[in-house]
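Participant: Before anything else, here's the structure in question.
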Amino acid sequence: AGSIVAGVGVAATAAVYLLSNLEADQDTTEVDQRAEPTLLRWLRRKSFWRRVVRLRPAEYQQEEEGDEQEYVQDAARTASTVSVRGAQKLQSHVGYNQKLVAEREAIYAMMQHIQRIEELDYTPTGKYREASEEEVLWPLIETSNCLLVPGAYFGDEGKGKTVDAIACHPDVKVVARVNSGENAGHTVIGETGVKYDFHLCPSGLLTPGKVNMVGPECVMDPVSFMQREIRQLIETDVFYMDRLFIGNVHLVCPHHKLLDLIGSWAAPNLSTLQGMGPVHASKAMRRGLRLDHLFNGREGPGGARARLERDMTTYFGALKDMDVTEEDLLLKARANDKIQAHVLGFISAKDKAGYVLDLFDEWVVNNPRFPPRADVSYELRNVIASGGKVLLEGPQSYFLSNAAEKIWDSGTSANTDASGMLCASRLNIGCSTFKPLFINIHKTPGSSRVGSGANPCSFVPQHYFSTTNSSKDDFEEMKLDWRDVSNKYFASIQPNGLLKPGLYSNATGTYDLGVAMAAATCIHPSHREFGVTSGRPRVVGFFDCVAHAEVMQVQGPYCSISAFDRGDDYDAYAVCIAYIFIHPKGSTMVSNGRTFESGTIIKAGEQLPTQQILHYCQPIVKQVRGWRDTPIFARSEWWKKQAHPVTLPAPVCELLDIIEHFTKTIVISIGNGPRGDEIIYIERRR
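Numbering (the numbering used here), first residue to last: 7 to 692.
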C-alpha cells in the first residue's frame, strides 16, 4: 500500500495520458448522455480535468470562453430532448433540434452567395466495363509480395471481401494482423455457412492451406481472445493449432479496461472499453506485460509481478484523482455489458497482481488450447525471402489511426494506416526485392463515420445521434418515405453546390431535412447503418473526395468501393468535392500555417486542415444521377439478364469517374451485394 501511495503523483500524470486516449469503434459510435453523476459535474468545475478530459463530443465545438455556461445550457437541451420519446424527440421544434435548425439557417445565410467553383462544371466521360478477378486483381497480386488492405475512411468500409479474395490466391502463404487489438472486428462466413466474429484472428483462418499470425505489435486480452474467438473454432471443430500462431503481443489486463471505464465515466459509449488507450500508454511507458513475460517467472525485479504492480499504480492513481471507490467502480462496471466477468473479479481481488497472473496461467500458460507462439516478424520475412507472399489485414482505417495528425484526437491508439501496418510488420521495406501493394477500401453511398469528431460530409452533426439519444425504433416511428426524403434532400442542392437547409414533414411530424435524410439512410434495407453490438445508428453522408484525396496521396492509388449497389435505390446522389470554412462568429483560424477565414474554400487535393477547422466546414457537392432503372445488385433481375461482361450503366460510370478525377484514385472493384462473391471488378475503357 505504501508503494502505491508513493506512486500516486506519477500515476496522476499517467492517468491523464491514459484517459485522454478514448477509443472510436465500428459498433460503439455514440455517447450516452442521459445521465451525468454529481461527481462528474464537480470534476468539470476543476479546470485541470476540464482541460484534459473530453467528457462529451459536443465540447469539441465549444469555445473555451464561457465553457461552464455553455455546458449548463447544453445539458438542459439534452435533458429536454431525451425526456421526449420516440420520433417526437427528433422533430424540429424539440430540444437540440431547435438549435440545429437555427444554426443551419444562420450558417447558410453567411455563405449562400459564394461563387460557383469551376470544379462543379467537370463533365465525367469515363466508361467502365465489368472484368474478372483474374484480369484485375491477380496481376496486382503477382507483381507484389506484401499485400495490405487498409480502410480508407473511418472504419466499417467492408474490407472483408477484398481480404478474402487476396487470401485465396495460391501464392499468398500467410495472412497476418500486425497491430491494434480487439476493438477492431469483422464477421467471416465459413464454407458451411457458420458465422465467425473475429477481432484479432485473421480472416484467412477459414481459408484452407493458409497460415495465420497475430503479430507482436497487437494488443491482446488472452482471456477474451480465448472466450470470444478461439471458443468459436473449438465448438465448430475448426482445427487451428498448426495454422494460427501468436507473437509476443502486449497484454491487455483488467486494469486497462477499467481505466477505459473510469476515463469515460459520464459517457461509457464513447469508448469500446477494450482498454486500447490504456494498454498503448503502458506500452509507450514500457511498463506493461508481453506474452513472453508469462512464461519466464513471476518473481524478481524484472518478473511479471513487479512489472504488473508498477503498471497498476496508474489504476489506483485514477481512482484517487476521480474520487471513485472500488465499490463505486464495481457498481458502474456491473451495469455495463461490455465489462467481462474476469474484469469484475479484478476489482474485488485483494492481491490484484496475483489474480491477473493466475488468470493468465489458467488461460494461456497451462492451457493446451492456446495457439502456439512464434516470432511473427521473423516468419513473415522468411516467407518473402523464400518467394512467397504475405497479406496484412488492416484494422480500423486511415483516419482512425493515431498517426492521422488532422483527426488524431478522435481515433484509436495504434497506427492503423498502411505505413503503420508496414512498420508493425518489421519487414525490410528498404530491400530492393520488397514490393508492397495497398488496396484501400471505401464505401458509398452512405459513407459512414464512427466515434466523435468533425464530419463535414455528414447529413447531421457527428454528435447528433448521441445528443438526441436516437435509435432504430425512433426512425421506424418517423415512417419516412425513402424516395420522397432523398429526392427532397438532393433537390436542396443549390447551383453553387451548397445545401439549402429545410424541413421535411409527414404524418408523424416535421423534421430538419438533414435529420430525415440521416434517419432514412440508416434504416434503409440496403444500408442498415447500425452498430452490430451497440445497435446505435452510424453517422452517414456523402462520399468525401477532399478526405479521400489525402488518403490517395499517402497510400494510393488503388481502391475498392463497397456497397455501390445502394445507388440502385437513388434517383439522385451527390459527392463532396470541396469544403467551405464558415465560422459562426466570423473568426479566423490557422492550421499548419494556412489561415482560414470565413469563405475559405478547401478543394480535393489541397492541404487538409485539422479537426478544429473541420468542425466549421460545410460540404460543396456535385450532384449525380442514381441508377434506379438499371440496378447492379448481383441478384436483381436486370443484372442477371445482362450479357456479361457488361459496360456499367452511365450513372455508375459518372460517379466512378468523378471519384477518380478528384481523388486521383484507381477504382479496381465495387461491391454489388453483401455476400463475399458479390463484387464487380472493373476496367476503365480507353
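From the three backbone atoms N, C-alpha and C, an ideal C-beta is built for every residue, glycine too.
1) In chain order, which alpha helix (DSSP H) runs of at least 4 residues are fully inside the segment 380-461?
2) Give me, in chain order, the residues of the same chain whose beta-carbon lies closer than 8 Å to that of Lys-670; leave out the 5 immediate sequence neighbours on both sides.
3) Name the DSSP bridge partner or partners of Phe-251?
4) Using a Cβ-Cβ cut-off of 6 Å (strictly less than) and excluding sequence neighbours within five positions of Asp-550, which residues of its own chain qualify?
5) Enumerate in chain order the residues of its own chain whose CB-to-CB distance from Phe-668 is below 6 Å, with the five nearest sequence positions on each side excluded.
6) Thinking C-alpha only, which one of Glu-535, Ala-525, Asn-302, Ile-638 is nearest Asp-487?
7) What residues in its chain sit with their C-beta under 8 Å from that of Ser-138, if we drop five residues either side in the sequence?
8) When the Cα of Leu-314 is compared with those of Val-349, Leu-335, Arg-340, Leu-257, which residue comes out closest?
9) Mind listing, in chain order, the continuous beta strand (DSSP E) runs of no fewer than 3 residues lying wholly within the segment 156-213?
10) Taking contact to mean at least 3 C-beta pairs separated by less than 8 Å, is the segment 162-182 in contact with the segment 434-452?
11) Quick check on DSSP: helix, strand or coil for Met-749?
12) Where Arg-548 and His-530 are concerned, what is the direct C-alpha to C-alpha distance, given to the nearest angstrom?
13) Give me the Cβ distance between Thr-331 and Leu-265, rounded to the nearest whole Å; I'm assuming they're in contact under 8 Å.
14) For the structure I just gave you, are there three or more beta carbon pairs, one from the segment 126-141 and one from the segment 652-664, closer than 8 Å?
15) Could you tell me whether the segment 115-124 touches the segment 352-372, using the rule of 3 or more Cβ pairs below 8 Å?
16) What residue from Asn-189, Ala-158, Val-244 has the CA that sits closest to Tyr-202's CA?
17) When the Cα of Met-523 is compared with those of Val-673, Pro-377, Asn-493, Pro-307, which residue comes out closest?
18) Taking buried to mean at least 16 other C-beta atoms within 10 Å of its own C-beta, is Ser-277 buried or exposed?
19) What separation, rounded to the nearest whole angstrom, lies between the Cα atoms of Trp-55 and Ser-209?
20) Find the nearest neighbour of Cys-623 within the set Ser-604, His-205, Pro-637, Val-178, judged by alpha-carbon distance.
21) Can you tell me where the alpha helix (DSSP H) with Glu-140 in it begins and where it stops?
22) How is the beta strand (DSSP E) around Cys-623 delimited, first residue to last?
23) In whole angstroms, give me the CA-to-CA distance for Glu-699 and Ser-568.
24) Provide the residue(s) that pair with Ile-676 in DSSP beta bridges, ordered along the chain.
25) Take Gln-94 and list the residues in its own chain whose beta-carbon comes closer than 7 Å to its own, dropping the five residues that flank it on each side.
26) Mind checking Thr-601: buried by the 16 CB within 10 Å criterion, or exposed?
27) Identify, in the order they occur along the chain, each residue of the same chain with its Cβ nearer than 7 Å to the Cβ of Trp-644, setting aside the five sequence neighbours on each side.
28) By the DSSP assignment, the beta strand (DSSP E) with Ile-583 in it spans what residues?
29) Look at the alpha carbon of Asn-189 and the alpha carbon of Glu-235, and state the distance between them as a whole number of angstroms.
30) Using the Cα positions of Cys-224 and Asp-248, report the straight-line distance between them to the nearest angstrom.
31) Would you check if the segment 176-188 and the segment 387-398 touch, i.e. whether three or more CB-CB distances between them fall below 8 Å?
32) Would you decide whether Gly-452 is buried or exposed? Buried here means 16 or more other CB atoms lie within 10 Å of its CB.
33) Taking the alpha-carbon positions, what's the Leu-662 to Val-630 distance?
34) How many whole angstroms separate the CB atoms of Val-282 and Thr-418, which I take to be in contact at a CB cut-off of 8 Å?
35) Provide the residue span of the alpha helix (DSSP H) that contains Asn-103, from first to last.
36) Can you name, in chain order, every residue of its own chain whose Cβ lies under 8 Å from the Cβ of Thr-44, other than the five neighbours on each side?
Facilitator: The answer reads as follows:
1) 382-391, 424-431
2) Ala-555, Met-558, Gln-559, Gly-562, Pro-563, Gly-611
3) Met-219
4) Cys-463, Cys-582
5) Cys-551, Ile-583, Ala-610
6) Ala-525
7) Pro-651, Tyr-687
8) Leu-257
9) 178-186, 192-195, 201-204
10) yes
11) In this structure the chain extends from 7 to 692, so residue 749 is not present and cannot be described.
12) The amino acid occupying residue 548 in the given sequence is Phe; Arg does not appear at that position. Cα to Cα, Phe-548 sits roughly 16 Å from His-530.
13) Wrong, their Cβ atoms sit about 16 Å apart, outside the cutoff.
14) yes
15) no
16) Val-244
17) Asn-493
18) buried
19) At Trp-55, the pLDDT of 31 sits below 50, so the modelled position is not reliable; the number obtained from the coordinates is stated separately. Going by the C-alpha atoms only, they are around 41 Å apart.
20) Ser-604
21) 139-148
22) 623-631
23) An answer regarding residue 699 cannot be provided, because it is not within the stretch 7 to 692 covered by the chain.
24) Ile-567, Ile-686
25) Val-100, Gly-515
26) exposed
27) Thr-636, Pro-637
28) 578-587
29) 13 Å
30) 20 Å
31) yes
32) buried
33) 10 Å
34) A quick correction: the sequence has Met, not Val, at residue 282. Sure, about 6 Å apart at Cβ, within 8 Å.
35) 102-117
36) Since pLDDT at Thr-44 reaches only 36, below the 50 mark, its modelled position is unreliable, and no value is offered.
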